[in-house]
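Just below is one structure, and these are the notes that go with it.
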Amino acid sequence: MPGPRFGRRTALLGATAALARPALAQRAWPAGRPIEIIVPFAPGGGMDAMARTVAPFLAARLPGARVVVSNRPGAGGQVGTEAVANAAPDGFVLGACATPTVLSQPIERPVRWRPADLTYLAQVVEDPCGLFVRADSPLQGLSDLLAAARARPGDVAYGTAGIGGDDHIAMLLLEEAAGVRLNHVPFNGTSQLLVPLLGGQLQVGAFNISEALPLLRERAIRGLGLAAEARDPAAPEVATYREAGVDVVFAAGRGIFGPPGLPDPIRTGIETAFAATFADPAWAEAASRAGLPLKPLVGAAYRDAALGGEAALRALWSRRPWRE
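In case it helps, mature numbering (1 follows the signal peptide of the UniProt record, and there is no 0) puts the sequence shown at residues -25 to -1, 1 to 299.
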């Protein structure tokens, strides 16, 4: 992977470093060029909702800054993540980060980033994985799904936002714990799998509770189970996997990251902006309206959380490679 390119945009780097000097704070982000947050999945999913909800709060706390969100889906998030990882470290290109995807993809295939080299700025949410069906599905709960899988090994299909993503990993853990085998159908983002799920062409959708809430409220889908410690207060009708006798707890961590080598004044300024956002009651209200299950972590705490699951993922890969 190419190393940090400190030679580019040196004037902007100098101006951005003013984040560390309050007297020059109003000149921190030169006008005319926005900060871009790249979402590596299609619009409409949990990553997109997280980035678009937090973007205006971040902009308000970086004097002079504008923040825009763009979607660069492809290869289960690899395309967008590589775009951020190989951007100039000047603070103008950031990305929406999904764990465990940022760790799992380098395990399964060649990518143009090393997880430990990325700059982890702030985690925003921790979003439990779940299983959902169309409202008229004959499957009433996780036990029904597992019974169908045992009766027809490898036949029952479920869709996810991509190979090696949080929902796919959660399903591998479910299969392992329950002793079943299902048929994985990867899509290019959660929004893409909802069309066949709601149309009846896909039996089961594996996605996160925040992504499910609008459709649960409309009674368009039902939840078979949630890989969480406890039922979600926003969807108390969805039982946990443990209630069905399957001891699996797994969630997506979603936050914002930057390329390797992001200079300390830029990194510190952005982290400070996130810390101020997370302390703002208006942020909590906006996140609640968007259905974001918050678990804020800033800087080193986010880095530790993001990288902490790598050993377990490598162990899972050795038992069950997730190429399909």
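Ideal placement from N, C-alpha and C gives every residue a C-beta, glycine not left out.
Pro161 is bridged by DSSP to Thr135.
Membership of Val44 in the beta strand (DSSP E) is indicated by the continuous run 42 to 46.
Here the region 255 to 263 does not lie against the region 53 to 61, with fewer than 3 beta-carbon pairs under 8 Å apart.
If you draw a straight line from the Cα of Gly21 to the Cα of Cys72, it comes to about 11 Å. In the three-state scheme derived from DSSP, where H, G and I count as helix and E and B as strand, Leu147 is classed as helix. Distance from the Cα of Ala265 is smallest, within the candidate group Val100, Val86, Ala202, for Val100.
In summary, Asp222 is exposed, with fewer than 16 beta-carbon neighbours lying within 10 Å of its beta-carbon over all protein chains present. Judged by beta-carbon spacing, Ile231 lies beyond the 7 Å limit of Gly66, meaning their Cβ atoms are not closer than that value.
Fully contained in the region 13 to 39 are the following alpha helix (DSSP H) runs of length 4 or more, in chain order: 21 to 35. Looking at the DSSP output, Leu269 bridges to Val100. Each residue's CA atom was taken as its position, placing Pro90 and Trp297 some 18 Å apart. Around the C-beta of Ser185, 16 or more other C-beta atoms lie within 10 Å, and the residue is accordingly described as buried.
By the C-beta density criterion, Ala124 is buried, having at least 16 other C-beta atoms within 10 angstroms. With the rule of 3 Cβ pairs closer than 8 Å, the region 155 to 175 does not count as touching the region 204 to 214.
Partner residues in the beta bridge of Arg197, as assigned by DSSP, are Val108.
When the five nearest sequence neighbours on each side are left out, the beta carbons in the same chain lying within less than 6 Å of the beta carbon of Gly274 are those of Glu246, in order along the chain.
DSSP places Ala281 inside the alpha helix (DSSP H), whose first and last residues are 275 to 282. Assignment of Leu291 by DSSP, reduced to helix, strand and coil, places it in the helix class.
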